[in-house]
Every structure is written in structure tokens, then in C-alpha cells.
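Inspection log for the structure reproduced underneath, given as C-alpha cells.
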Amino acid sequence: MGFFDSLFGKKKEEKKQEVKRSCPVCGKEFTGKGMDVNDGIICMDCWGLVCDDFEAGIMDEDKEFYIAPIKAAVLAKKGELAADKEAKARKPEVCPICGGKMPKFMTMEVKDGYICDECFSKFNKLEEDGEIDKEIENVTLKELSALIAKVDKQKAANEKRKEQDACPVCGANVSEKSTGSLWGDIKRSVKDEIPKFVLLKDNQKICAECAGKVRLLYPILYSKTYDGDGMYNGAHIDTLNNITLPEFRKALEDVNVKRKQLEEQYGSCEAVISVGSVGRDFENVRSNPGKKEYRIRGKILYGKASKGNLIHVNRDGFNCTMRIERLRQITGFEEYSGNAVDSVGEGYYAIVTVAEDTSCIYPGDTLIIV
Ligand SMILES: [Zn+2]
Ligand SMILES: [Zn+2]
Ligand SMILES: [Zn+2]
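Residue numbering for the sequence shown follows the numbering used here, beginning at 1 and increasing consecutively.
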């Protein structure tokens, strides 16, 4: 064929849309639109089977946009579809995942079979929790049963955690178990006797008192993230959640070393506070408008600050002393309220209220409390 012949030949082909072609992948004849790949045109049926894989990046547009690799993929897909169809041909009597009874009507279909209602509700839970991002009809029995097994295992671990009733360090009660009677539970919750504990990384529950001993090394942090639309989301991060029981036991030793260092540094004092911010305290401004009070917000680095303690400030050779009127324990610099307490221990954040002017105190100062 000469140059002009081929040129005109091609032109003619373009004009005539209804030309019959043979698909190099499936061998079937087709008319109309096909899909242009690098070395030919394939039929839309074949393209339909692999186009998702290209879109999802499973197949590489640069390397695999040729007839041979597409043919292999189409054959694999057809095999898979046939197997799924075959597997689905018979509805089983029992659920292939849990062995439970299949409902008579309305069984749920997955990619290669059927599952019972209970397993379907487990699928929904997985989807809610973001553990799975596939539609139910694209999930295989194997995938789903592996995921369900994983979640069941986690659930069992959580149940076990609930059963732990003593702090592994001191033996204090950390049980979440019911008292056995509704009235008993109500009484317990009213009296705030429900044990407070911190959950470690390995699901061990440490009583609040033991946790408090290592706060110097493992504080509770407060952070804010921007949620969009002028909204902020505040979250408390307990750094103890990231360590295991053996690491916690080590921290109990390490914290003594740290405390000794601080003792050497600051000598005999009740506490040391690192100042985060200073400002007016408006808590009693309505009942006593003439009295000005100030707040020092900061972290107790060492010791225990209590009501009635004195704060010593030495700035540029000028000494002043102020008395702690009130104390609040908070979990970060940004938090306003917190709980009114008599004392705040090391590693915790506090709002210290004094009646004296605090203009001699700057953020970043380290103050001695006696
Ligand atoms: Zn084809
Ligand atoms: Zn099931
Ligand atoms: Zn304990």
C-alpha cells in the first residue's frame, strides 16, 4: 500500500463509524466506539473490566496500556467473576464466617458469597469505625472474616481490661464492674466512688494515685486543633497512654532521680512552678468588686503547691512575696476552669490565685513556692 493509499484509507475509516473491528483481547467483533491503547483498539466490554484498575492505579498507564497486559488482566477478571458466580450459585445453610444460621429471606451478598445478619451488622460497625472502605458487594468472605476476627480479638481484650480489679502497682481498686445492684451502682456513682484510673498502652489500668507519681515525666497535655469554620476542638492527651506497665515501673524509678536533681537545684521548698501566663482573676469580681485578684497559670515542676503557701518572686534585686488564696488543677495552659483543689502536685498544671499584684511575674519565669 502506498503512502497516499494508507492516508486515504485511514480517512475513509474515520468517516465510516460503523466499521467492524475484531477485539485483540477477546477476539469478538465489535462496531462503534472502542478504546485506543498503545498498540491497538480493544472493545468496550474488555475495557470495562480493567478501566477501574487503571483508575485505581493498580495497573500502570505507562507500562501496561498495551494489548498483552490488558488481555492478561481481562482473563484474570473473567476467572474471578466466574469463581464468584460459582461460589454464589448455592446459598449455604450456615454463615461461612461465623457458622450461624442464615436468615430465610434477605441474605446479605458479599463479592463471593452470602453472610448472616450478625456478620452484616459487624460489617456495618467496621465501616463506621473506618476499618474498611469497600462496599459490601466488593468484600470477599476471606477479607471480611479476617477483619471480624481482628475486631473480636480487640473486643475480648477490652472485656479483659474491664475485669482487672486491682492496680498492678499498689493493688488499689480500679474495677469498672457493677456492684451487682442498680441501687449499689447509683450509690457508688453519687459518692464518686467509681475508681479513677489511667489506661496504659498494654491495657493495664493504673490507679490515679500511682499515675500521679510519674506526672513529672508523663504529663497530661492539652491541645487544640482547628476544625474549620472558626471552631476549635480541644483534646486532652495523657502521655501515660503511650507506655506499657514495665515502662511505667521504670518511670517510678526514673522520677526519683529527676526529683533528686530538682531538689539539688531548688533546695528546700514546697514547690516550683513554671509560669505560662498571668492575668486578672474575675472569679469573685461580682461579690467583691473592690478586691483585685490575679491568676498565675503554670506547671508545677517540682513538689506540691498548696493553699496558703507563699510564692517568692525576685526580679532585678526586688523581692516580693504573695500568698496562694486559691488553686485550680487544670490540664493545660489553654483551659480556663479545671477543678478547685487544696493542692496541686508536680507534673500537673495549676491556676494559682493571689491577691497581690503580679506585674513582676512574666511568662517563662520559674517561681519558688515555700
Ligand atoms: Zn474485547
Ligand atoms: Zn455470620
Ligand atoms: Zn496504684
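By construction, the Cβ of each residue, glycine as well, lies at the ideal position given by its N, Cα and C atoms. Remember, predicted model here, so these are calculated numbers, not experimental data.
Distance CB(residue i)-CB(residue j) smaller than 9 Å
i	j	result
I296	V278	yes
C167	F197	yes
T396	V272	Because the chain in this structure spans residues 1 to 370, residue 396 falls outside the shown range and cannot be described.
K101	V94	yes
V25	V74	yes
L327	S359	no
D45	K33	no
V384	K125	Because the chain spans 1 through 370 in this model, residue 384 falls outside it and cannot be assessed.
P103	D117	yes
N309	E270	yes
Y222	A208	no
Exposure label - residue i; buried when at least 16 CB within 10 Å
i	result
K91	exposed
G298	buried
S343	buried
P376	The displayed coordinates of the chain run from 1 to 370. Any statement about residue 376 would go beyond what the structure contains.
M1	Bear in mind that a pLDDT of 46 at M1, under 50, signals an unreliable position, so the model cannot answer this.
I361	buried
F373	With the chain represented from 1 up to 370, any question about residue 373 goes unanswered, as that position is not in the structure.
I324	buried
L81	exposed
I351	buried
V370	exposed
K20	exposed
A56	exposed
D357	exposed
Y66	exposed
Heavy atom of ligand 3 within 8 Å of residue i beta-carbon
i	result
G345	no
C360	no
Range covered by the alpha helix (DSSP H) that runs through residue i
i	result
L144	L141 to E163
I70	I67 to A89
Q265	L245 to Y266
N124	D117 to E128
C210	A208 to G212
heavy atom of ligand 1 below 8 Å from residue i C-beta
i	result
C51	no
I67	no
D45	yes
F30	yes
Whole-number beta carbon distance between residue j and residue i, since they are thought to touch under 8 Å
i	j	result
L200	I243	6 Å
Y218	Y226	About 27 Å separates the two Cβ atoms, so there is no contact after all.
D281	T353	5 Å
Span of the beta strand (DSSP E) around residue i
i	result
D53	It is not in any beta strand (DSSP E) - D53 instead sits in the alpha helix (DSSP H) that spans M44 to E55.
F30	E29 to T31
G276	A271 to D281
Q204	Here Q204 belongs to no beta strand (DSSP E), and DSSP marks it neither H nor E.
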